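Listed in order, the protein sequences are those of chains A and B. For what it's worth, the working numbering labels the leading residue of the first sequence as 44, then goes sequentially. For what it's worth, the working numbering labels the leading residue of the second sequence as 4, then goes sequentially. Even for Gly, the Cβ is constructed at its ideal location relative to N, Cα and C. Please read these numbers as outputs of a predicted model, since none were measured by experiment. Okay, so here's the structure we're looking at.
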Amino acid sequence: MAIKPEVRKGVEAICAEYSKEPSPLMMILSKIQKEYGYIPLEVQEIVSAKTGIPVAEIYGVVTFYSFFSLEPKGKYVLGICLGTACYVKSSQQILDKFEQLLGIKAGQTTPDGLFTIEAIRCMGACALAPAMSVNGKVYPKVTPDEVNKIIAEYKAMEVNA
Amino acid sequence: MEQIKSAAVLDKNIKECTAIIDAKLKGEGGKRAVLICGGTGCLANNSDEILHEFEKQIKEHGLEKKISVNHVGCFGFCSQGPFVKIFPEDTLYHTVKVSDVKQIVEDDLINGKICENLLYVDPATKQKVVRQDDINFYKKQLRVALHGCSVINPDLLEESLGYDGFKALKKVLTEMTPQQVIDEVLASGIRGRGGAGFPTGKKWQFAANQKSEIKYVVCNGDEGDPGAFMDRSILEGNPFEVIEGMMIAGYAFGAHEGYFYVRAEYPVAVERLLRAIKDMEAVGLLGDHILGTDFSFRAHLRLGAGAFVCGEETALLNSIEGKRGMPRPRPPFPAIKGLWGKPTCVNNVETLAQIPYIIRVGATEYAKIGTVGSKGTKVFALGGKINNVGLVEVPMGTTLRTLIFDIGGGIPNGKKFKAIQTGGPSGGCLTEKDLDTPIDYDSLIAKGSMMGSGGAIVMDEDNCMVDVAHFYMDFICSESCGKCSPCRIGTKRLYEMLTQVTNGQATPKTLEDMRALANVIKGGSLCALGQTAANPILSTMNNFPDEYQAHVVDKKCPAHVCKKLMQYVIDPVKCKKCSKCARNCPVNCISGVPGKEPYVIDQSKCIKCGTCLAGCPFGAISKR
């Protein structure tokens with residue numbers, strides 16, 4: 044995959060931004076993940092060239108932390124909370140329902156690039172259990188019946204867009 | 004704000020700010036204040052919009068000079084949020100919606116009439132409660148670490164200064180030697196709130212004994228225990244208090260730099276912490292020669308990236324150093340050789356939040372709270388099958404019964420209490436027989452669980468304990484860093500064996516093997532994650548042997564949770580042949596004739612999704 048010049052520039056700028064910090068790799072990767080949504084190998088190579096850290100080490104870090112991803116995520120990231128408080132209130136059923144309706148498993152993205160399902164480990168909204176989030180917007184006390192509605196809500200936004 | 008470069012200027016500012024907060028809460032000059040919960044839970048319930056609506060309507064009525072509105076930190080009673088509190092009357096409104104703002108503004112703020120319909124109703128007495136302190140949930144609590152949460156505006160340094168902030172810092176910098184600070188913290192008896200309960204003063208002493216120009220304080224805010232949100236709420240509600248605690252630690256053992264390591268999943272906490280650091284730098288409370296003394300200190304922030312193991316202190320240090328978050332062998336302990344090889348103390352958010360209080364009131368006073376071996380208070384995140392889900396701070400020694408039934412309000416829907424899991428994936432479950440156990444480090448360990456960081460998840464009769472153990476094992480298995488084989492391979496095998504149990508494929512031999520393997524993982528792992536990984540299994544096996552037996556021998560899940568061991572059935576007598584279940588079934592496995600023949604589920608096709616049961620208007624469908 045060829046990296047667009049503006050992306051290369053952006054990634055290099057991020058590396059430069061943290062160049063004065065001690066051990067800046069995590070900060071650089073967090074920022075790239077936030078800005079571009081994923082950190083493919085080609086981008087890791089740029090980071091390596093800029094920081095002098097071997098690509099193997101960078102790859103090791105990227106694959107270790109669940110926040111970093113090698114592939115782009117869907118336009119809407121459906122985060123279903125599987126923290127204990129949500130789990131004992133049947134959040135697994137919510138996840139099952141999303142997987143069933145979208146035909147993908149947690150961690151995967153729909154072929155149209157619209158939805159990614161993520162099983163997340165507690166967002167600390169335990170009073171709202173079972174909770175889920177779509178691109179950070181929290182949905183409290185979700186029931187399996189609402190799953191359809193939530194998907195439809197975002198599909199409708201696409202049609203109207 | 005002016006530069007605070009000496010103790011005298013700090014004193015002056017504290018005095019002025021205290022007077023302002025006092026006036027605000029007492030309503031001097033006929034002014035009133037509206038405080039709105041800005042914790043993550045309430046923000047998810049639109050408390051941001053509620054704030055804007057208040058601002059808008061107050062402006063429309065031309066009352067900006069008379070009424071102030073701002074966000075505060077977590078009220079703790081999260082299941083009843085969002086909260087709006089009106090001063091000076093101290094009226095507390097709960098589950099407020101944006102549409103309620105008009106009523107509060109017009110009835111209460113303008114006409115001084117309490118909005119009865121928005122008051123909390125005590126479920127037992129059915130009485131309406133006006134003031135927060137009169138609600139049962141709050142009566143047995145004591146707020147030390149949560150000092151200022153739900154009172155001060157966490158975005159304003161002035162409000163912190165007006166609410167006891169930096170009094171302790173001034174005291175240590177002007178009146179105490181570093182050794183006196185360590186001695187005071189040792190004498191207070193405080194133990195680390197992150198889980199293991201190591202005496203904080205001792206840790207500081209180890210680091211103080213090291214001769215090194217460079218030392219670090221690290222604040223562990225990588226709250227990975229699912230279902231726990233104590234540290235997040237403290238950082239969101241009063242970030243200044245934690246920074247102050249960190250600075251006192253730095254002064255005590257000779258560190259001039261501090262690192263906060265906070266989960267990236269906590270954007271609100273991160274934002275408020277960053278702003279607090281910036282504002283303190285701007286007035287000189289962080290930087291060189293603080294208050295004109297020789298003490299200099301800088302605070303930095305590093306974000307986690309979603310790895311549970313980084314809550315382990317040596318893994319956390321590796322993560323700050325930009326490496327994979329894998330634990331290091333100990334010794335050498337971080338106090339000897341920590342961040343970038345320098346002496347480092349890693350303290351939990353809640354531990355640091357208690358330090359200013361200890362210094363303010365003195366060790367003797369602090370040590371009066373709690374039990375012989377566990378001093379002070381502990382914050383718990385009460386969650387799961389409990390009426391009052393939320394954040395609770397109680398003196399050590401409070402019994403589980405008080406926590407669950409008096410403060411937590413018991414189990415919803417008339418269900419029976421089954422177990423409470425403390426210590427998260429590293430802890431264990433405690434049952435009915437343990438309810439009178441006082442909460443302290445040693446009693447909980449004696450009962451086969453642990454204090455942990457403060458997650459407390461309540462389960463009722465509808466929860467299957469084998470399934471809960473399976474859940475934790477899945478968690479541990481995917482969060483194991485992979486460094487040592489007992490944990491990496493052992494947890495995977497344990498998970499597979501537990502899957503056999505929940506699928507009904509296990510034999511009594513499986514249970515024996517699980518126990519044996521659990522002990523190997525416990526004894527053979529490098530870090531606490533592995534050493535405690537088997538706790539949820541061992542503790543559920545010990546407390547609920549019958550449930551394991553039912554899965555293994557009778558091939559039944561008594562709580563009807565494990566899908567392979569349960570069925571949905573339709574009672575032909577109760578079935579009104581309406582066909583709703585058949586229409587809702589996603590796999591079309593329910594058949595019958597509308598109005599004529601009762602419906603039947605084809606068990607071979609059923610995916611156990613439960614849609615039919617949830618939708619049946621006649622209660623004809625049940626789990627078996």
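Residue i versus residue j: straight-line alpha-carbon distance, rounded
i      : j      : result
P575/B : V556/B : 30 angstroms
T296/B : M250/B : 13 angstroms
M500/B : M476/B : 10 angstroms
I17/B  : D225/B : 32 angstroms
F256/B : M233/B : 26 angstroms
L447/B : T440/B : 8 angstroms
K388/B : K340/B : 43 angstroms
D62/B  : G151/B : With the sequence shown as reference, residue 62/B is identified as Lys, and Asp is not the correct amino acid for it. Computed Cα separation, rounded: 27 angstroms.
I82/A  : V265/B : 22 angstroms
I107/B : D465/B : 40 angstroms
E244/B : A22/B  : 19 angstroms
K611/B : C584/B : 13 angstroms
E161/A : L138/A : 9 angstroms
V133/B : K29/B  : 17 angstroms
D445/B : I362/B : 25 angstroms
V54/A  : G150/A : 25 angstroms
P335/B : P539/B : 29 angstroms
L568/B : D605/B : 15 angstroms
A204/A : C169/A : 33 angstroms
Chain B contact residues for residue i, given Cβ-Cβ distances below 9 angstroms
i      : result
Q136/A : C612 and G613
Residue range of the beta strand (DSSP E) that includes residue i
i      : result
T21/B  : T21/B -> not in any beta strand (DSSP E); alpha helix (DSSP H) instead, spanning A10 to K29.
M250/B : Note, M250/B: premise wrong, no beta strand (DSSP E); alpha helix (DSSP H) at P242 to F256.
A47/B  : It is not in any beta strand (DSSP E) - A47/B instead sits in the alpha helix (DSSP H) that spans T43 to A47.
T347/B : T347 to N351
Y264/B : E260 to V265
T159/A : F158 to I163
Alpha helix (DSSP H) segment containing residue i, residue limits
i      : result
C129/A : T127 to Y130
A318/B : E316 to I323
E56/B  : S50 to E63
D282/B : P270 to V286
P48/A  : P48 to E60
E100/A : V98 to F107
Q424/B : First-last for Q424/B: F420 to T425, but that is the beta strand (DSSP E), not the alpha helix (DSSP H).
Y498/B : S488 to N506
CB-CB length for residue i against residue j, believed under 8 angstroms
i      : j      : result
L157/A : G122/A : About 15 angstroms; that fails the 8 angstroms criterion.
T425/B : M468/B : No, T425/B and M468/B are not in contact; Cβ-Cβ is about 15 angstroms, not under 8 angstroms.
G76/B  : S153/B : 6 angstroms
V190/A : K140/A : 4 angstroms
L306/B : A267/B : 5 angstroms
K218/B : A258/B : 4 angstroms
I53/B  : I39/B  : 6 angstroms
G533/B : P561/B : So it is not a contact: roughly 31 angstroms between Cβ atoms.
V124/B : K131/B : 6 angstroms
A172/A : G386/B : 7 angstroms
I414/B : D463/B : 5 angstroms
Chain B contact residues for residue i, given Cβ-Cβ distances below 7 angstroms
i      : result
Y119/A : Per Cβ cutoff of 7 angstroms: no residues; Y119/A is ~17 angstroms from chain B at best.
R51/A  : The premise fails here: R51/A is roughly 22 angstroms from chain B at the closest Cβ pair, so nothing lies under 7 angstroms.
Listed by chain order, chain A residues near residue i by CB distance under 7 angstroms
i      : result
F232/B : G167 and C169
R235/B : G167
T647/B : Absent from the model: residue 647/B. The displayed extent of chain B is 4 to 627, so no value can be given.
Residue i burial status per 10 Å Cβ neighbour count (16 or more: buried)
i      : result
H292/B : exposed
V596/B : exposed
N351/B : buried
D282/B : buried
V630/B : A query on residue 630/B cannot be resolved here, the shown segment of chain B reaching from 4 to 627 and no further.
A279/B : buried
E353/B : buried
A449/B : exposed
S299/B : exposed
Q60/B  : buried
Under 9 angstroms from the C-beta of residue i: neighbouring residues of chain A
i      : result
V392/B : A128, C169, A170, L171 and A172
F474/B : L125, T127, Y130, V131 and Q135
Within chain A, partners of residue i - CB distance below 8 angstroms
i      : result
A532/B : Going by the sequence as given, residue 532/B is Leu instead of Ala. Per Cβ cutoff of 8 angstroms: no residues; L532/B is ~14 angstroms from chain A at best.
Q424/B : T127
Neighbour list for residue i in chain B, Cβ cutoff strictly below 8 angstroms
i     : result
M69/A : R305, L306, A308, S322, I323 and G325
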